[in-house]
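Worksheet: the structure to be examined is printed underneath.
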Amino acid sequence: MKDYFRNIYQAIVTILIGMGVTFRHLFVHAVTIQYPHVKRELPARSRQKLFVNIDDCIGCFQCARACPVDCIMIETVKAGKDEDLGETSNGQKKRLHVVKFDIDMAKCCYCADCVFPCPTECIYMTPDYEFATYDRNSLLLHFAKYSPEQVKALHERQEKEALAKAQAAKIKAAAGTKKPESET
Ligand code: SF4
Ligand code: SF4
């Protein structure tokens, strides 16, 4: 019987303590916000979704090499002999077609290690942090602008050029080993 009344007493005290805490917060400035209708300003240098300004990318792979989780996938094809790919906005000559530039944001750990080594500052964090999804595939971001047909044509041209170069080297080597008749 004694325990019965003690339990009732403790329940009442606990409720009063809880209500006291609630009551005190009625007079405190609210710290919660009505997200997503209200959004906080992001802190300086906060890290969110990556973006690549592919027109300024020279395909140097520095970002991919710096990535600790290998979530940047780049593929390049050399420009042809007489092909001019122009320059980046900071004046760097473009010598490679960047035919693939994918970032898997599902693997990204937001370290920003890829951002700092970029010589053209074309890979950077955007303020976009609202890209949660049910489909992991949509977290694979594609930045290259080449169609599959264009990529195929570029690869074929590169292979032809490599073959022609190898054949020319072979002919040159054969000519070099052939002794002139006066020496025989
Ligand atoms: S932020 Fe870090 S993990 Fe993400 S792509 Fe860049 S280097 Fe890789
Ligand atoms: S470091 Fe910059 S320029 Fe080099 S491949 Fe990456 S994004 Fe392109």
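Note that my numbering has the sequence shown beginning at 78, numbered continuously upward. The beta carbon of each residue, even a glycine, is placed where N, CA and C say it ideally should be.
Mark residue i as exposed unless 16 or more other C-beta atoms lie within 10 angstroms of its C-beta, in which case mark it buried.
i    : result
L176 : One point to set straight first is that residue 176 is Val, not Leu, in the sequence displayed. It counts as buried.
L127 : buried
K90  : A quick correction: the sequence has Val, not Lys, at residue 90. Exposed: under 16 other Cβ atoms inside 10 Å.
A252 : exposed
F220 : buried
L103 : exposed
T153 : buried
H106 : exposed
T261 : Bear in mind that a pLDDT of 46 at T261, under 50, signals an unreliable position, so the number given afterwards is only what the model happens to contain. With fewer than 16 Cβ atoms within 10 Å of its Cβ, T261 is classed as exposed.
T197 : buried
Report the CB separation of residue i from residue j in whole angstroms; it is logged as a contact under 8 angstroms.
i    : j    : result
A189 : R124 : 5 angstroms
C150 : D179 : The question names Cys, but residue 150 is Met in the sequence shown. Going by Cβ atoms, the distance from M150 to D179 rounds to 4 angstroms, so yes, they are a contact pair.
I135 : K171 : 6 angstroms
Is any heavy atom of ligand 3 found at a distance shorter than 7 angstroms from the C-beta of residue i?
i    : result
V129 : Ligand 3 is not part of this structure, which contains only ligand 1 and ligand 2.
Three-state secondary structure (DSSP) at residue i?
i    : result
E160 : coil
H232 : helix
D179 : strand
I110 : coil
E198 : coil
L127 : strand
M150 : strand
K171 : coil
K247 : helix
K155 : strand
L103 : coil
L240 : helix
L216 : helix
R142 : helix
A252 : helix
Please confirm if residue i has its CB atom under 8 angstroms from at least one CB of chain D.
i    : result
C185 : No chain D is part of this structure, which consists of one protein chain only.
Who are the near neighbours of residue i in its chain, counting only those whose CB is closer than 8 angstroms to its CB and skipping five residues on each side?
i    : result
D147 : A141, K184
Within the same chain, show all residues whose beta-carbon is closer than 7 angstroms to that of residue i, passing over the 5 residues directly before and after it, in chain order.
i    : result
Y211 : none
E164 : K170, K171
Going along the chain, which residues of its own chain have a beta-carbon closer than 6 angstroms to the beta-carbon of residue i, five neighbours each way excluded?
i    : result
A143 : D190, C191, P194
F208 : K126
Checklist entry - Counting pairs of beta carbons, one from the stretch 194–211 and one from the stretch 225–241, are three or more of them closer than 8 angstroms? => result no
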